[in-house]
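Per full-length UniProt numbering, the very first residue in the sequence shown carries number 1; after that it's consecutive.
Have a look at the structure below before the remarks.
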Amino acid sequence: MKTFCGRANPTTGAMEWLEEDESYDYHQEIARSRYADMLHDKDRNVKYYQGIRAAVSRVKERGEKAIVLDIGTGTGLLSMMAASAGADFCYAVEVFKPMANAAVKIVEKNGFSDKIKVINKHSTEVTVGPDGDMQCRANILVTELFDTELIGEGALPTYEHAHKHLVQEGCEAVPHRATVYVQLVESKRMWSWNKLFPVCVEAEDGEKIIVSPSEMENCPGVPSVCDIQLNQMPSSDFTILSDVVTMFSVDFSKPVRSASTCYRVQLETIKSGKAQIVLSWWDIDMDPSGKINCTMAPYWVKPTSALQWRDHWMQCVYFLPNEEPVFQGENVYLTAYRDEYSVWYKLQKAREEENKADVRVESPVCRCQAHLLWNRPRFGELNDQNRTCQYMKSLMKVLKTDSICLCISDGSLLPVLAHYLGAKQVLLAFLKANHLEDKIKILEARPESLTSSHLEDKKISVLLGEPFFTTSLLPWHNLYFWYARTAVTMHLASDVTVLPQSASLHMMIVEFQDLWRIRSPCGTCEGFDVRTMDDMIKNSLDFRESKEAEPHPLWEYPCKSLSDPQEVLTFDFRRTVPQHDLSAEGSVNLLRKGKSHGAVLWMEYHLTADISVNTGLTQISNDKGNCEWNPHCKQAVYFFSSVIDSETQTDFPSAVTYAINFNPKTGEITMDFKL
Numbered sequence: 001m002k003t004f005c006g007r008a009n010p011t012t013g014a015m016e017w018l019e020e021d022e023s024y025d026y027h028q029e030i031a032r033s034r035y036a037d038m039l040h041d042k043d044r045n046v047k048y049y050q051g052i053r054a055a056v057s058r059v060k061e062r063g064e065k066a067i068v069l070d071i072g073t074g075t076g077l078l079s080m081m082a083a084s085a086g087a088d089f090c091y092a093v094e095v096f097k098p099m100a101n102a103a104v105k106i107v108e109k110n111g112f113s114d115k116i117k118v119i120n121k122h123s124t125e126v127t128v129g130p131d132g133d134m135q136c137r138a139n140i141l142v143t144e145l146f147d148t149e150l151i152g153e154g155a156l157p158t159y160e161h162a163h164k165h166l167v168q169e170g171c172e173a174v175p176h177r178a179t180v181y182v183q184l185v186e187s188k189r190m191w192s193w194n195k196l197f198p199v200c201v202e203a204e205d206g207e208k209i210i211v212s213p214s215e216m217e218n219c220p221g222v223p224s225v226c227d228i229q230l231n232q233m234p235s236s237d238f239t240i241l242s243d244v245v246t247m248f249s250v251d252f253s254k255p256v257r258s259a260s261t262c263y264r265v266q267l268e269t270i271k272s273g274k275a276q277i278v279l280s281w282w283d284i285d286m287d288p289s290g291k292i293n294c295t296m297a298p299y300w301v302k303p304t305s306a307l308q309w310r311d312h313w314m315q316c317v318y319f320l321p322n323e324e325p326v327f328q329g330e331n332v333y334l335t336a337y338r339d340e341y342s343v344w345y346k347l348q349k350a351r352e353e354e355n356k357a358d359v360r361v362e363s364p365v366c367r368c369q370a371h372l373l374w375n376r377p378r379f380g381e382l383n384d385q386n387r388t389c390q391y392m393k394s395l396m397k398v399l400k401t402d403s404i405c406l407c408i409s410d411g412s413l414l415p416v417l418a419h420y421l422g423a424k425q426v427l428l429a430f431l432k433a434n435h436l437e438d439k440i441k442i443l444e445a446r447p448e449s450l451t452s453s454h455l456e457d458k459k460i461s462v463l464l465g466e467p468f469f470t471t472s473l474l475p476w477h478n479l480y481f482w483y484a485r486t487a488v489t490m491h492l493a494s495d496v497t498v499l500p501q502s503a504s505l506h507m508m509i510v511e512f513q514d515l516w517r518i519r520s521p522c523g524t525c526e527g528f529d530v531r532t533m534d535d536m537i538k539n540s541l542d543f544r545e546s547k548e549a550e551p552h553p554l555w556e557y558p559c560k561s562l563s564d565p566q567e568v569l570t571f572d573f574r575r576t577v578p579q580h581d582l583s584a585e586g587s588v589n590l591l592r593k594g595k596s597h598g599a600v601l602w603m604e605y606h607l608t609a610d611i612s613v614n615t616g617l618t619q620i621s622n623d624k625g626n627c628e629w630n631p632h633c634k635q636a637v638y639f640f641s642s643v644i645d646s647e648t649q650t651d652f653p654s655a656v657t658y659a660i661n662f663n664p665k666t667g668e669i670t671m672d673f674k675l
């Protein structure tokens, strides 16, 4: 059965109706899942196995049958661990139907069908009794329901329901408890992901400062967690203001409450500075004694232990509502508020301490709209002074006193820069705080709908774009600027200046330190055959995704270059979008030995003939080929279906051939690589 799906094309801007197989959503979910990453997480798997063995032993020592409830079983791995540890029976609950089907096959393949029953339901719909899904309540509760924030996937309400309806009082739980830790820091870099800094403009008539409006300055932002690979954040980018403290713990072996609440700790600041950021992570104890521990602590907290790389659990960055000056030795109170799914923080001086009973747990709401329009990397991009300078230098080159500018970009500072740098009139833009309402006209129309009356019968002499659009996921989706430029052609002066004048697509072959794991088959995991899962992911990738790249912020994922970067396609914005495909074929030489995991692609925008802005590789920092990437943008990663390891082969391939094609009708870029 086929179904028609409507979608807005991020590159062309057109609304499209695509005929999709009814299982398309399933395939998308599986192809882009993190199951492989979890199965490759050796530390997680070993600790779970140890915890499950210990829990089964404790139940058996009491002379009871070990009945296990495994909520969110996925591949069935934890249930198979329990069965092999001697559990009498396991109920494995999985709500996602394709995953539940795979779990049935994996359980059967490993010979546990008589000990494990897979239940394809949400755990809150599972029934207990002679005619129910479960014959009786379980006395061991095993789950892996956690995200980077611990509670973001609904762990608390799931546990709350399970204790009320599915498990015995005093049951064993694996994990037994989770503990959330916090540390107060100052970080200009991380703070730049949440607030807009003033921008200084050196204009002919003196220095001007672009400031954000007071409602943005005082806005608490959004409560959604900023989860990152904190182990890739250099220690020079933040100043530690407090020791690590325990914020709260949850004991999963006892009834759990999901109702909103708050927790407060007193901190003594160990350094003076601006308290801006709360860094947070958690650990889980797999047993009551805490001897079997799995931690997400970053490198500076546990510098002696080997760090387990994982992408399904990272660390959290929380932004305080406002920065607060603190002094060494001062006592401050940090409050964590939480609802069922999220956590947020507030810092108070000790003298302002309030009665805990008076605290109302209300999630922060963005009042300025900016936090809804811009994500965290976008704030960082707008605060990047070097990048802003490139735009200012190029605007100074092209603007004249009679310039009529049209800016096509989402939530951009370019119109304000253009006004201050001398444009006569700027159309489409932003910001009451700078008292420019009469200088910059906001046009509430899409480019293809613009009329002469919108433009007051004037012709556009300078067309501007960063380009940046909130709908863009892959680097080339911002080529929407080119389609918008084509749509407004009739309103452009014959000698129009387009900035940027062109763009180019660049590509490089890389070896990833760790990111390869998210697409790598697992085979066996702790002695259990999970190849059914590998096949399932491969089938879903082949279903539609195999010729597609995926976006990743590579500053978080170290890699080394195996080839030089290469320009593969160019897009001339001074001309309209062509009718014919743009394509490139060729080969790129491999300069270093290593595992060719895939190709990275990114865009470069040529603002003028000699000024460019790069969204990808900023430099190859040493002879080993270690790469540094633009931290504000996601790059496109195309994983090769097979990996060639030139370290282990004497006749390793000297080149990779590529074929890359841009289809102007669909705006899509397809690619193929051969080793």
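Don't be surprised by glycine CBs; every beta carbon is placed ideally from N, CA and C.
Suppose the cutoff is 7 Å on Cβ atoms and the five residues either side in sequence are ignored; what does the same chain contact list for residue i look like?
i: Leu-582; result: Leu-569 and Phe-662
i: His-161; result: Ser-123 and Thr-124
i: Ser-482; result: It should be noted that the sequence gives Trp, not Ser, for residue 482. Counting only Cβ-Cβ distances below 7 Å, and skipping sequence neighbours, we find Phe-571, Phe-573 and Val-577.
Whole angstroms are fine: how far does the CA of residue j sit from the CA of residue i?
i: Val-128; j: Lys-164; result: 12 Å
i: Ala-275; j: Leu-591; result: 46 Å
i: Asn-434; j: Asn-478; result: In this predicted model, Asn-434 has a pLDDT of only 48, less than 50, meaning its place in the structure is not dependable enough to derive any value.
i: His-258; j: Ala-14; result: The residue asked about is misnamed: residue 258 is Ser in this sequence, not His. Computed Cα separation, rounded: 43 Å.
i: Cys-633; j: Gly-411; result: 16 Å
i: Val-462; j: Gln-579; result: 24 Å
i: Thr-489; j: Cys-407; result: 14 Å
i: Ser-253; j: Val-59; result: 13 Å
i: Asp-131; j: Leu-141; result: 21 Å
i: Val-104; j: Thr-524; result: 16 Å
i: Leu-474; j: Pro-553; result: 11 Å
i: Lys-271; j: Val-326; result: 8 Å
i: Gln-385; j: Trp-516; result: 33 Å
i: Lys-397; j: Gly-380; result: 26 Å
i: Val-222; j: Asp-251; result: 28 Å
i: Ser-472; j: Glu-604; result: 15 Å
i: Tyr-557; j: Trp-602; result: 15 Å
Report, in whole angstroms, the separation of the C-beta atoms of residue i and residue j, which I expect to be a contact under 8 Å.
i: Pro-220; j: Pro-321; result: 4 Å
i: Val-56; j: Ala-87; result: 5 Å
i: Val-588; j: Ser-563; result: 5 Å
Using a Cβ-Cβ cutoff of less than 6 Å, which residues in the same chain neighbour residue i once the five nearest sequence positions on both sides are dropped?
i: Ala-420; result: A small fix is needed here, since residue 420 is Tyr in this sequence, not Ala. Result list for Tyr-420: Val-201, Ala-203 and Lys-208, in chain order.
i: Asp-145; result: Reading the sequence as shown, one finds Leu at residue 145 and not Asp. Excluding positions up to five away in sequence, the list reads Gly-72, Glu-153, Ala-155 and Thr-158.
i: Ala-54; result: Asp-287
Checking 8 Å against the spacing of the C-beta atoms, do residue i and residue j come in under that value?
i: Val-180; j: Leu-150; result: yes
i: Cys-405; j: Arg-44; result: no
i: Ile-52; j: Val-167; result: no
i: Ala-138; j: Leu-69; result: yes
i: Asp-628; j: Gln-635; result: The amino acid occupying residue 628 in the given sequence is Glu; Asp does not appear at that position. No, Cβ-Cβ distance for Glu-628 and Gln-635 is not below 8 Å.
i: Ile-210; j: Ile-537; result: no
i: Ile-460; j: Leu-492; result: yes
i: Leu-230; j: Leu-279; result: yes
i: Ser-520; j: Ala-102; result: no
i: Val-182; j: Met-233; result: no
i: Gly-422; j: Thr-401; result: yes
i: Met-190; j: Val-317; result: yes
i: Ser-504; j: Glu-567; result: yes
Decide if residue i is buried, meaning its Cβ has at least 16 other Cβ atoms within 10 Å, or exposed.
i: His-597; result: buried
i: Glu-594; result: Reading off the sequence, residue 594 comes out as Gly, not Glu. Gly-594 comes out buried.
i: Phe-89; result: buried
i: Gly-667; result: buried
i: Pro-298; result: buried
i: Gln-425; result: buried
i: Pro-500; result: buried
i: Ala-357; result: Annotation note: pLDDT 47 at Ala-357 (below 50); position unreliable, coordinate value reported separately. Counting Cβ neighbours within 10 Å, Ala-357 comes out exposed, since fewer than 16 surround it.
i: Lys-195; result: buried
i: Asn-630; result: buried
i: Pro-303; result: exposed
i: Gln-266; result: exposed
i: Thr-657; result: exposed
Can you find the residues in the same chain that come closer than 8 Å, C-beta to C-beta, to residue i, ignoring five residues on each side of it along the sequence?
i: Val-107; result: Gly-76, Ser-79, Met-80, Ala-92, Ser-113, Ile-116 and Val-118
i: Lys-432; result: Unreliable placement is indicated for Lys-432, whose pLDDT of 40 sits below 50; the coordinate value is still reported in the next sentence. Correct list, in chain order: Pro-213.
i: Phe-187; result: Here the sequence assigns Ser to residue 187, which means Phe is not the residue at that position. So the qualifying residues of the chain are Asp-237, Phe-238, Thr-239, Gln-276 and Ile-277.
Is the beta carbon of residue i within less than 7 Å of some heavy atom of the ligand NAD?
i: Ala-138; result: As presented, the structure is devoid of all ligands, the ligand NAD included, so that no description of it is given.
Using 8 Å as the limit for Cβ to Cβ distance, is residue i near chain D?
i: Gly-63; result: Absent from the structure is chain D; it holds one protein chain and no more.
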